[in-house]
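Undergrad: Attaching a single structure in structure tokens format; questions to follow.
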Amino acid sequence: MGPKRQPTLDEVAARAGVSRSAASRVINNARHVSQAKREAVERAVAELGFVPNPAARALANQQVGAVVLALSHHDPALFTDPFFAQIILGVNAELEKTELELLLVLADTAQGQTRLQRILRSRRADGVMLMALHGDDPLAALADQHDIPVVFGGRPLHAEPRWYVDADNRGGSRLATEHVIGLGRRHVAVITGQMDTEAATARHRGYLDAMAVAGLDPARVEHSDFTEPGGAAAMTRLLAVHPEVDAVVAGSDAIAAGALRALKAHGRTVPGDVAVVGFDDLQTALHTDPQLTTVHQPVHGLGRELAKMLLSLIAGEQPHPLILPTRLVRRASA
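In full-length UniProt numbering, the protein residues as written are 1 to 334.
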């Protein structure tokens, strides 16, 4: 007869009726846990005979009860951007299951980066989530500079971090391009986001993948900045150089909304003359005329998984990187 199987943390959490992260914090004697949760977990531990991991307990004993969401972004429009709003809501929804506080740091400027470094050096946070990194952003090196869990929301352009949550940007853009090619469009253009981001470059690669398989010319390319005004300007430039364009694969819903506005201003009908596909599937896609066919990425889910991965690291576990699936949502624009 073999040794008795040890119960898992998930089993303890299920028996106690609490989240996995809450069970971990109680077991590891972490602070900021309600008395009711603590008592429920302690009962479950006794009933199941659970033995805590000493290394995880040592880490948890040093916790201060807060985590940071750092955005390499300082544009005032950030707080009206539906993408970042959904990310923050997703992160907050997962943290509400714990007693951890959320600190939001805008770290695109030297002052913001200094503030974040000060927080980390003084150990005023148990972990960090990083979002919206561009190019060789110095924030990408945080994981190597500090003895603190760091999770990336979206991969940096020139690095492969150990822990990240991302969407299948390349596959989603390939789906969008294949869709308009399947509609019979042969002069397919792409309007990318900022090419110093991994998301934009991956979506461009997805467009190139589909165009190569179809044997079509991928030279109709313009760049934008993930905004509606940027999309409108890029579409205007495309029409000036490539008036034959009959489909546009946009790097975001905001870019696509700008493209729709420019096409209308130039007397082009959608989808009659030009089919348009966005990327994100945010509320913007429902409020354009016509409504956007777009690639859905689970933005709220990305925020939740980002927080979940960080909580797992704080608990002393070793999660795997995660790529969330994307899918095409068909509406009137293509």
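No residue lacks a Cβ here, since even glycine has one placed at the ideal position from N, Cα and C.
Just so you know, these numbers come straight off a predicted model, no measurement behind them.
So what's R20 in DSSP terms, helix, strand or just coil?
TA: As a position in the sequence shown, residue 20 is number 20, starting the count at 1. Note: R20 maps to helix in three-state DSSP.
Undergrad: Mind checking which residues open and close the beta strand (DSSP E) that includes T293?
TA: As a first step, residue 293 must be located in the sequence shown, where it is residue number 293. Segment 293-296, the beta strand (DSSP E) holding T293.
Undergrad: Please determine, among P82, V18, E11, the residue with the shortest C-alpha to C-alpha distance to F50.
TA: In the sequence shown, counting from the first residue as 1, residue 50 sits at position 50. Comparing Cα-Cα distances from F50 to each of P82, V18, E11, the minimum goes to E11.
Undergrad: Per DSSP, M129 forms a beta bridge with which residues?
TA: Start at 1 with the first residue of the sequence shown, and residue 129 comes out as number 129. According to DSSP, M129 bridges with L69, V151.
Undergrad: Please list, in chain order, all residues of the same chain as R203 whose beta carbon is under 6 Å from its beta carbon, the five residues on each side excluded.
TA: Locating residue 203 in the sequence shown gives position 203, where the first residue counts as 1. Taken in chain order, the residues that qualify are N169, S173, G251.
Undergrad: By alpha-carbon positions, which one of A159, T114, L100, V91 ends up nearest to M129?
TA: Numbered from 1 along the sequence shown, position 129 holds the residue referred to as residue 129. Measuring from the Cα of M129, the nearest candidate turns out to be V91.
Undergrad: Using beta-carbon positions only, say whether T227 and A247 come within less than 8 Å of one another.
TA: One-based indexing of the sequence shown puts residue 227 at position 227. One-based indexing of the sequence shown puts residue 247 at position 247. No, the Cβ-Cβ distance between T227 and A247 is not below 8 Å.
Undergrad: Cα-Cα, which of A240, I88, E101 is closest to V67?
TA: Walking along the sequence shown from the start, residue 67 turns up at place 67. Answer by Cα proximity: E101.
Undergrad: When you compare each of E39, L183, I148, Q283 to L116 by their alpha carbons, which one comes out closest?
TA: The residue labelled residue 116 in the question sits at position 116 within the sequence shown. Answer by Cα proximity: I148.
Undergrad: For my contact list, Q86 and V295 are in at a C-beta cut-off of 8 Å; report their separation, rounded to the angstrom.
TA: Within the sequence shown, the letter at position 86 stands for residue 86. Within the sequence shown, the letter at position 295 stands for residue 295. Not really, about 15 Å apart at Cβ, beyond 8 Å.
Undergrad: Between the C-alpha atoms of T98 and S19, what's the straight-line distance to the nearest angstrom?
TA: In the sequence shown, the residue the question calls residue 98 occupies position 98. In the sequence shown, the residue the question calls residue 19 occupies position 19. About 8 Å.
Undergrad: Would you identify the three-state DSSP class for F279, choosing helix, strand or coil?
TA: Residue 279 sits at position 279 when you count from the first residue of the sequence shown. Looking at F279 - three-state DSSP - the assignment turns out to be strand.
Undergrad: Would you report the Cα separation of L89 and L306, rounded to the nearest angstrom?
TA: Position 89 of the sequence shown, counting from 1, holds the residue named residue 89. Position 306 of the sequence shown, counting from 1, holds the residue named residue 306. Their Cα atoms are separated by approximately 12 Å.
Undergrad: Classify P156 as buried or exposed, calling it buried when 16 or more other Cβ atoms lie within 10 Å of its own Cβ.
TA: As a working note, residue 156 is residue 156 in the sequence shown. Looking at its Cβ environment, which holds 16 or more other Cβ atoms inside 10 Å, P156 is buried.
Undergrad: Is L100 helix, strand or coil when you go by DSSP?
TA: Counting from one through the sequence shown, the residue named residue 100 turns up at place 100. Three-state result, L100: coil.
Undergrad: Is the Cβ-Cβ distance between H266 and L292 less than 8 Å?
TA: By 1-based counting over the sequence shown, the position of residue 266 is 266. By 1-based counting over the sequence shown, the position of residue 292 is 292. In this structure, L292 does not lie closer than 8 Å to H266 by Cβ.
Undergrad: When you compare only the Cα positions, how much space is there between P325 and A167?
TA: Indexing the sequence shown from 1 puts residue 325 at position 325. Indexing the sequence shown from 1 puts residue 167 at position 167. Whole-angstrom Cα-Cα distance: 6 Å.
Undergrad: Verify whether the separation of the beta carbon atoms of V180 and V188 is less than 8 Å.
TA: Residue mapping note: residue 180 aligns to position 180 of the sequence shown, counting from 1. Residue mapping note: residue 188 aligns to position 188 of the sequence shown, counting from 1. Yes.
Undergrad: For a quick check, are the C-beta atoms of M280 and Q297 less than 8 Å apart?
TA: As a first step, residue 280 is located in the sequence shown; it is residue number 280 there, counting from the start. As a first step, residue 297 is located in the sequence shown; it is residue number 297 there, counting from the start. Per the sequence shown, the amino acid found at residue 280 is Asp instead of Met. Yes, these two residues count as a Cβ contact at 8 Å.
Undergrad: Quick check on A332: buried or exposed, where buried means 16 or more other Cβ atoms within 10 Å of its Cβ?
TA: As a working note, residue 332 is residue 332 in the sequence shown. Exposed, since its Cβ has fewer than 16 Cβ neighbours within 10 Å.
Undergrad: For residue 335, which option in A40, R268, E178, G316 has the closest C-alpha, if you only look at C-alpha atoms?
TA: With the chain running from 1 to 334 in the structure shown, residue 335 is simply not present.
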